[in-house]
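Data first, discussion second: the structure below is written as structure tokens.
The following block contains the structure:
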């Protein structure tokens, strides 16, 4: 693990915690079970990391989600409830508003088998309801909840159209600049992103050329957007969000 002071020193603003790979959950084990202890996180360790990130003014992105076996057994809500309760234990309303939650079903990550938009909506709505039940409807409404797992330019619009899906945590599709730009365009007019996110995978392009997503002159680190919106995604976040301005960190 890397210390929060080191992350701050190099300008990092967000940090993913609780990803299925660091939890040791791959749907099926890809490594010997005896080695999982070297990196497997628990809800308790994820909770400690979230609090450490918040104390260092870094934005945690908490990943939660079920394996295929848990899904087939009808345990999606039970798994999410356990992960949310444990990972967010002790957080205040103000701290939760500084935290992003990403629903990433383990069986959909990097497999090309994305969840159906209705499945993503159901899970994100359930997460929001759990937060509202603990800290009130206003906090639940302001919490940013993303979907992650085989998000592409072809399906991003369907996910973004869901009322409780505030955006997407994008992985494989962000590794190619053309795919990332297509995804950003397909996300809709209320999606925000930054030029730095676009050029991050664009080794053969100059930073001072036009942004191919919005047509504006761009330089690395300059903030761009699709349509009118009140906020921007952090410069180095590989993701797309429909932002709730009142919930954005200062």
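Residue numbers (our numbering): 3 to 252.
Beta carbons: idealized from backbone N, C-alpha and C, even for Gly.
Exercise for review: State buried or exposed for residue 2, treating a residue as buried only when at least 16 other CB atoms are found within 10 Å of its CB.
Suggested key: Within the shown structure, residues of the chain are numbered from 3 to 252, placing residue 2 beyond reach of any answer.
Practice item. Ignore the nearest five residues each way along the sequence and tell me which others in residue 131's own chain have a CB closer than 8 Å to its CB. Key: The residue given as residue 131 occupies position 129 in the chain shown. Only 142 meet the Cβ criterion.
Exercise for review: Look up residue 137 in the DSSP assignment and say whether it is helix, strand or coil.
Suggested key: Here residue 137 corresponds to residue number 135 of the chain shown, with the count starting at 1. Here residue 137 sits in helix by DSSP.
**Study point:** Alpha carbon of residue 165 to alpha carbon of residue 174, nearest angstrom
**Key:** Taking the first residue of the chain shown as 1, we reach residue 165 at position 163. Taking the first residue of the chain shown as 1, we reach residue 174 at position 172. C-alpha separation (whole angstroms): 25 Å.
Check your understanding: In terms of residues, what are the limits of the beta strand (DSSP E) holding residue 169?
Key -> Residue mapping note: residue 169 aligns to position 167 of the chain shown, counting from 1. Its beta strand (DSSP E) spans residues 169–171.
**Study point:** Outcome for residue 139 when other beta-carbon atoms lying within 10 angstroms are tallied against a minimum of 16
**Key:** Within the chain shown, the letter at position 137 stands for residue 139. By the neighbour-count rule (16 or more Cβ atoms within 10 Å), residue 139 is not buried but exposed.
Practice item. Can you check the segment 58–131 for any beta strand (DSSP E) of at least 3 residues that lies completely inside it and give the ranges in chain order? Key: 61–66, 102–105
Check your understanding: Taking residue 167 as the reference, which of 153, 180, 176 has the closest Cα?
Key -> Stepping through the chain shown from its first residue, residue 167 is reached at position 165. The residue with the shortest Cα to Cα distance from residue 167 is 153.
Check your understanding: I think residue 162 touches residue 190, with their Cβ atoms under 8 Å apart; what is that distance to the nearest whole Å?
Key -> Walking along the chain shown from the start, residue 162 turns up at place 160. Walking along the chain shown from the start, residue 190 turns up at place 188. The Cβ separation is near 5 Å, so the contact holds.
Review point. CA-CA distance, residue 126 and residue 68?
Key: If you number the chain shown from 1, residue 126 lands on position 124. If you number the chain shown from 1, residue 68 lands on position 66. The straight-line gap from Cα to Cα measures roughly 13 Å.
Review point. Taking DSSP as the reference, what is the three-state secondary structure of residue 146?
Key: Start at 1 with the first residue of the chain shown, and residue 146 comes out as number 144. In the structure shown, residue 146 sits in a strand (DSSP, three-state: E or B).
Exercise for review: Go ahead and label residue 156 buried or exposed: buried means 16 or more other beta carbons lie within 10 angstroms of its beta carbon, across all protein chains shown.
Suggested key: What you label residue 156 is simply residue 154 of the chain shown in a count that begins at 1. Exposed: under 16 other Cβ atoms inside 10 Å.
Check your understanding: Are the CB atoms of residue 6 and residue 45 nearer to each other than 8 Å?
Key -> Numbered from 1 along the chain shown, position 4 holds the residue referred to as residue 6. Numbered from 1 along the chain shown, position 43 holds the residue referred to as residue 45. No, these two residues do not count as a Cβ contact at 8 Å.
Exercise for review: May I ask you to verify whether the segment 90–97 touches the segment 115–123, counting CB pairs closer than 8 Å and requiring at least 3?
Suggested key: no
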